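Notes follow once the structure below has been shown.
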Amino acid sequence: MFSLRGDTSAKFGKEIFTNVFYFRENLTLDCNQYIIVDEATGNLSLFDAGNGISLNSLFEGMKKFNLHYENITKVFITHEHVDHVLGLYPLMERLKNDPPKIYAYKETARILKEGKESKIFPGNLGISPSMFGITIIPLDIKELNDGAKFEIGSDFVFNVYFTPGHSQGSVCFYEPNKKILIPGDLVFTGGSFGRFDFPGGSLKLLTESIKFVTSLDVKFLLPGHMDTSKNGTLEIQNSYRMIQSMGRFL
Ligand SMILES: [Zn+2]
């Protein structure tokens, strides 16, 4: 049977900002991951779980910055798609004695609580959990509402914004003081933006959500795929222009 083989080398990592780390996606259906350190406690918050196969690559990449996965106490999920959530299952297994809390927006939380395979594997991608060596099981998830806030140590206060269009449960995490935006698959660098052709996707909603984030003051754009940027607002404006001109042709 076809199976996806993970790149076992360490994920490329970079400290984007003090205590904010980027770990680049692996090649096969994976996503970028971010770690934020609570300086006082040493606890780590992980943003997105990757595809599961890449979990060891993440752990190896983290070691280079003296970050240890045993210290992950919170996981924040941007949306319910396979490349962002599958890593939750092996992560929870590895940390079963002291499991981190998992946070997700309503729809994403519901899918993960119920273990809804068809929503995690959207459309006709021709892939299944067994190819990743993973069994989807119901997880205990803490629900985040639109407009919620959460703190990471005393340095970071994130706002949660519901930004649908790529998927039904897509959110952005925004830190206004540090000007950090973690948009999942809403916008990427280079004028690109998330797919809207999966079930639950919508070009109209995606356009509206991107328009909303153009109103935020963003320096560090930390998207789910491709590169990060230190010119966030400019990148988002580019993506907004691109999606508007695309809408005109559809
Ligand atoms: Zn996605």
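Just so you know, we're using the numbering used here here: the sequence shown kicks off at 3 and counts up by one. Just so you know, even glycine gets a beta-carbon here, dropped at the ideal spot from N, CA and C. Every value quoted in this text rests on a predicted model; they were computed, and no experiment measured them.
For the 9 Å CB-CB criterion, residue 110 and residue 70 do not form a contact. In the three-state reduction of the DSSP assignment, residue 77 falls in the strand class, which pools E and B.
Leaving aside the five residues that flank residue 31 on each side, the residues in its chain whose CB is nearer than 6 Å to its CB run, in chain order, 53, 85. In this chain, the beta strand (DSSP E) harbouring residue 47 covers 46 to 49.
Distance from the Cα of residue 48 is smallest, within the candidate group 12, 14, 105, for 105. By the Cβ rule, the segment 125 to 140 does not count as touching the segment 226 to 244, because fewer than three pairs are nearer than 8 Å. Take residue 158, set aside five residues on each side of it, and the residues of its chain with a beta-carbon closer than 7 Å to its own are 38, 177, 180, in chain order. Given a length threshold of 3 residues, each whole run of the beta strand (DSSP E) inside the segment 16 to 40 is given here in chain order: 22 to 25, 35 to 39.
Residue 88 places its beta carbon less than 9 Å from that of residue 122.
Sequence-distant Cβ neighbours of residue 61 in its own chain, meaning closer than 6 Å and more than five residues away, are 71. Residue pairing by DSSP places residue 231 opposite 223 in a beta bridge.
Collapsing the DSSP output to three states places residue 240 in a helix.
Only exposed fits residue 65, as fewer than 16 other CB atoms lie within 10 angstroms of its CB. Not one heavy atom of ligand 1 lies closer than 8 Å to the C-beta of residue 171. Here residue 167 is near residue 198, since their CB atoms are less than 9 Å apart.
When secondary structure is reduced to three states using DSSP, residue 136 falls in the coil class, being assigned neither helix nor strand. Ligand 1 has no heavy atom closer than 8 Å to the beta-carbon of residue 78. A Cβ-Cβ contact shorter than 9 Å links residue 169 with residue 187. In chain order, the residues that have a beta carbon nearer than 5 Å to some heavy atom of ligand 1 are 83, 187. Rounded to whole angstroms, the gap between the alpha carbons of residue 58 and residue 250 is 43 Å.
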